[in-house]
Amino acid sequence: MAHFAIGFGTATKNRDGKIIEAFFPTPIINPSDKLVAELTAATDYAEGNQAVEISVEQAAAIATIFAANDQAEAASFAEKAATATQPLVLVVLASDEKPTSVAEGFLKLQLISHRLALPHGIVLDGIFGLLHNIAWTNEGPIDLPELADRQIEARLAGRTLTVDCVDKFPKMVDYVVPTGVRIADTSRVRLGAHVGEGTTVMHEGFINFNAGTTGVSMVEGRISAGVLVGNGSDIGGGASIMGTLSGGGKVVISIGESSLLGANAGLGFPLGDRCTVESGLYVTAGTKVRMLDKEGNEVEIVKARDLAGVSDLLFRRNSQTGQVECLANKSAVELNSELHSNN
């Protein structure tokens, strides 16, 4: 029976013994039946989707199993984990279903950030309600009810406990830094973001969980939850894309390849390839758009949702009438190779 994914890593527990987060440095997607069978024999994993606590003795056995199944990176981590003092956890996902535990949820988020799955490529239903707010600090994640005591303990010991944020989702880079990216302000990219090779996220850029880019992109605006931006497309400064958590509903908002969302512009419907939305123009699905022919004559008036996924379009606002207009995009976006270099 084919399994969906496996993650072996460390976990953080609160004082009640509940796992509040988990770190999986070498997740495996589509593991072999042989690997799953050997892990089952060496641990308390039974069947289905399950998070199993692992002893250091079991970690040593897991290292041997990973090595025998050509999982060198996973084997190296498991060997180190055999001397760990932090709780260890093995998550086996037999199928891609709604996560039911914090450890399962964190594994799925890391599958996306490791580029092993695309946004909307795996089931994350209910994860926002499954996870709870955590204080992410310079001394690790702390359950909120315990934060005040931990701050006092730190002060009495001569330390300052710095709280970076209070959120359900930590910074992506505290778990994985994908190859070939630049992120100016790491706090603005959440775990569960998919940051494609060649992407630059500038200081005011933002990428939410279950969202991101597939390749080369300059992100100076906001990529909301559920949004995927294609290779060669740029998000201008102050621009915003309506996500599934911010008004987009069940419609998956996306941007195709080689497109441009201008500075301070906004998008609320799926944009095709080689499209441009001019600076300052917010186009929602219900925006009435005046379609123009090559001579600039009106052809018809449609709602923007009727143009979902259509390529080679330029959206602009008539400076005299205020009417949103659409015409053929005469030139695709040309990326500045020096600006987009991640070397």
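Using my numbering, you'd call the opening residue of the sequence shown number 6 and step up by one each time.
Glycine included, every Cβ here is placed at the ideal spot set by N, Cα and C.
When you compare only the Cα positions, how much space is there between V294 and Q328?
-> In this model, V294 and Q328 are separated by some 7 Å (Cα to Cα).
May I have the straight-line CA-CA distance separating A333 from D38, to the nearest angstrom?
-> Between A333 and D38, the C-alpha separation is close to 52 Å.
Length-filtered (4 minimum) alpha helix (DSSP H) runs lying within the segment 47 to 101 = For the segment 47 to 101, the continuous alpha helix (DSSP H) assignments of 4+ residues that do not extend past its boundaries occur at 61 to 73 and 77 to 86, in sequence order.
Exposure of V97, with buried meaning 16 or more beta-carbon neighbours within 10 Å | Counting Cβ neighbours within 10 Å, V97 comes out buried, since at least 16 surround it.
Should the segment 112 to 131 be called in touch with the segment 78 to 88, which here means at least 3 C-beta pairs below 8 Å?
-> They do not touch, by the three-pair rule.
Cβ neighbour criterion (16 or more within 10 Å) applied to H137 | So H137 counts as exposed.
C-alpha distance - L312 paired with F133, whole-angstrom precision = Computed Cα separation, rounded: 31 Å.
Fully enclosed by the segment 141 to 182, which beta strand (DSSP E) runs are 3 residues long or longer?
-> Here the runs fully enclosed are 145 to 148 and 168 to 172.
Cutoff 6 Å; reference E330; Cβ partners in own chain excluding five residues on either side = If we look at E330 and ignore the five residues flanking it on each side, its Cβ neighbours are R295, L297, R321 and N323.
Run the CB neighbour count on H208, radius 10 Å, all protein chains shown included, and call it buried at 16 or more, exposed below.
-> Here H208 is exposed. Its C-beta has fewer than 16 other C-beta atoms within 10 Å.
Roughly how many whole angstroms lie between the Cα atoms of V304 and L319?
-> Distance between V304 and L319, taken at the CA atoms: about 15 Å.
With L196 as the anchor, note down where its alpha helix (DSSP H) starts and where it stops.
-> L196 -> no alpha helix (DSSP H), and no H or E assigned at all.
Exposure label - G145; buried when at least 16 CB within 10 Å | That one is exposed.
Spatial distance of R20 from A140 (CA atoms) = Computed Cα separation, rounded: 14 Å.
CA-CA distance, N5 and V178?
-> Here the chain has residues from 6 to 348 only, and residue 5 is not among them.
Cβ shell of L265 (< 8 Å), same chain only, five flanking positions each side left out | Hits under 8 Å: S238, D239, G241, C280, T281, V282 and V338.
Note the first and the last residue of the continuous alpha helix (DSSP H) segment covering I117.
-> First-last of the alpha helix (DSSP H) with I117: V107 to S118.
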